[in-house]
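In this note's numbering, the protein residues as written are 254 to 585. Here's the structure, in structure tokens; my notes come after.
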Amino acid sequence: MNGSAMTSGARVTIVTRTKNRPIFLARALDDIFAQTFQDFELVIVNDGGNPADVDHLISQRSEAERSRVTTLHHAESAGMEGASNAGLKAGSGEFVVIHDDDDFWAPEFLARTVAYLDDPAHAAESGVMVRTEIVIEELVDGAIEPIRREIFWADMRQITLADMLKINRAVPISFLYRRNLHDHVGYYNENLPVVGDWEFHLRVLSHSRVGFLDGEPLAFWSQRPQSDGHHSNSIFAKVAEHAQYDALVRDDYLRDQAAQGGLGTMLYLTRVLSEQEELIVAQQRRLDESAAKLDHILERLEALSQTVVVRTSVGEFLKKPMLLMRKLLRRG
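Printed below as a string of structure tokens:
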């Protein structure tokens with residue numbers, strides 16, 4: 254690993270993880286230096302990618318901007334969480350945030366989140382997450398083209414451990430937090446190739462509350478379902494791994510709880526949940542059977558209606574000669 258030193262003293266440390274994606278890193282640099290809040294330092298962690306691409310982009314920034322950047326070049330990839338930890342430990346800001354190379358912010362993201370945590374009313378909160386928008390993108394002839402947008406968890410109004418236990422409700426780009434949080438909950442788990450941010454969020458929310466800034470989106474999560482290779486998202490490229498490590502994280506936490514309090518409560522709750530699943534399956538089976546019967550009845554009714562139409566048509570056809578004969582007889 255090698256890198257350049259930075260001048261300490263900034264209030265916010267921004268960590269940008271990147272690997273062979275200069276087109277996205279260029280946008281990220283523009284985004285970061287366009288923030289209305291400028292009291293930050295930037296640590297770029299080039300996690301096993303080509304150093305020349307990163308160094309070239311940094312060399313194009315102004316001297317004032319370059320003085321606030323530290324670059325860490327990993328000869329080999331340390332993984333997403335290893336890259337996060339390396340970047341965090343290289344900085345010294347009171348607040349920290351992970352800004353991946355392909356995501357971006359509204360210009361006032363840092364100003365709004367720092368102001369929130371500076372407010373004495375939020376002194377007990379370890380960090381703040383913001384309303385986030387998913388931006389579906391494609392790479393077309395070397396350019397980033399937005400396809401559509403949608404709000405991430407549009408129904409979310411607060412950040413709770415109860416919700417986070419079900420599924421990850423936040424992404425790194427949306428979360429600014431106090432550096433001293435790592436003194437209490439540790440750093441990111443480098444044994445997790447995926448879902449590391451979710452597992453970190455679980456530890457954070459087990460320790461303290463996290464605020465939420467609602468309203469217009471301040472963070473934008475870039476997704477590229479059709480991309481592969483370096484330009485892909487792990488959420489699409491590593492679907493199986495996400496499911497695998499989601500299950501392993503849950504199992505690790507269950508194991509820890511079992512070691513502390515035994516299996517009694519978990520065995521009871523597991524049986525209750527199993528009975529509920531059996532009821533749901535039985536209900537679904539009854540619904541399927543009812544639907545099949547209804548389909549059969551509708552098919553018979555449709556067949557019957559077609560028969561009635563045919564019979565009526567034949568009857569009308571047979572009546573016509575009789576009516577004609579009657580008219581002729583009356584004339585005679």
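Backbone N, C-alpha and C define an ideal beta-carbon position, used for all residues, glycine too.
* Asked: Whose C-alpha, out of His352, Val463, Trp474 and Gly464, is nearest the C-alpha of Thr266?
  -> Looking up residue 266 in the sequence shown gives position 13. For the options His352, Val463, Trp474 and Gly464, the alpha carbon positioned closest to that of Thr266 is the one of His352.
* Asked: So the beta strand (DSSP E) Gly380 belongs to, where does it begin and stop?
  -> Taking the sequence shown and counting its residues from 1, one reaches residue 380 at position 127. Note, Gly380: beta strand (DSSP E), Glu378 to Val383.
* Asked: Among residues of its own chain, excluding the 5 on either side of Asp416, which ones have a beta-carbon nearer than 8 Å to its beta-carbon?
  -> Stepping through the sequence shown from its first residue, residue 416 is reached at position 163. The beta carbon of Asp416 sits closer than 8 Å to those of Met409 and Arg422, all from its chain and outside the five residues before and after it, given in chain order.
* Nearest-angstrom Cβ-Cβ length linking Gln411 and Pro360, presumed shorter than 8 Å -> Translated into positions along the sequence shown, residue 411 becomes position 158. Translated into positions along the sequence shown, residue 360 becomes position 107. Actually they do not touch by this definition, with Cβ atoms about 25 Å apart.
* contact_flag[the stretch 361–380, the stretch 313–325] where n(CB pairs < 8 Å) is 3 or more -> Taking a contact to require three or more Cβ pairs closer than 8 Å, the stretch 361–380 and the stretch 313–325 do not qualify as touching.
* Own chain, CB closer than 8 Å to Ala281, minus 5 neighbours either side, in chain order -> In the sequence shown, the residue the question calls residue 281 occupies position 28. Sequence-distant partners of Ala281 (beyond 5 residues in either direction) whose C-beta falls short of 8 Å from its own C-beta, in its chain, are Thr269, Thr271, His352, Asp353, Asp354, Asp355, Asp356 and Phe357.
* **Buried or exposed by the 16-neighbour rule on C-beta atoms within 10 Å, applied to Ala343** => One-based indexing of the sequence shown puts residue 343 at position 90. By the neighbour-count rule (16 or more Cβ atoms within 10 Å), Ala343 is buried.
* Closest Cα partner of Gly302 within the set Leu278, Glu391 and Glu316 -> Within the sequence shown, the letter at position 49 stands for residue 302. It is Leu278.
* Asked: Do you know whose CA, among Ser427, Arg503 and Gln513, lies nearest Trp474's CA?
  -> Residue mapping note: residue 474 aligns to position 221 of the sequence shown, counting from 1. Of the candidates Ser427, Arg503 and Gln513, the residue whose Cα lies closest to the Cα of Trp474 is Ser427.
* What is the rounded straight-line gap between the Cα of Lys522 and the Cα of Arg456? -> What you label residue 522 is simply residue 269 of the sequence shown in a count that begins at 1. What you label residue 456 is simply residue 203 of the sequence shown in a count that begins at 1. At residue 522 the sequence reads Leu, which differs from the Lys that was named. Cα to Cα, the separation comes out at about 23 Å.
* Taking DSSP as the reference, what is the three-state secondary structure of Trp451? -> Taking the sequence shown and counting its residues from 1, one reaches residue 451 at position 198. The answer is helix: DSSP assigns Trp451 an H, G or I state.
* Excluding five sequence neighbours on each side, which residues of the same chain lie with their C-beta closer than 6 Å to the C-beta of Ala263? -> Mapped onto the sequence shown, residue 263 falls at position 10. Contacts found: Asp292, Phe293, Glu294 and Gly346.
* Kindly list the residues whose CB is nearer than 7 Å to the CB of Gly332, restricted to its own chain and excluding five residues on each side of it in sequence; keep chain order. => Translated into the one-based positions of the sequence shown, residue 332 becomes position 79. Glu443 and Pro446, listed in sequence order.
* Asked: What is the rounded straight-line gap between the Cα of Phe405 and the Cα of Glu552?
  -> To locate residue 405, count along the sequence shown from 1; it is residue 152. To locate residue 552, count along the sequence shown from 1; it is residue 299. Going from the Cα of Phe405 to the Cα of Glu552 covers about 43 Å.
* **Segments of 4+ residues assigned as alpha helix (DSSP H) that fall wholly inside the stretch 491–556** => Secondary structure remark: continuous alpha helix (DSSP H) runs of at least 4 residues inside the stretch 491–556, in chain order: 492–514.
* Asked: DSSP on Arg264, reduced to helix/strand/coil?
  -> On the sequence shown, position 11 is the one that residue 264 refers to. Coil at Arg264, not helix or strand.
* Asked: By a C-beta neighbour count over all protein chains shown, 10 Å radius and 16 as the cutoff for buried, is Thr518 buried or exposed?
  -> Along the sequence shown, one-based indexing puts residue 518 at 265. Only exposed fits Thr518, as fewer than 16 other CB atoms lie within 10 angstroms of its CB.
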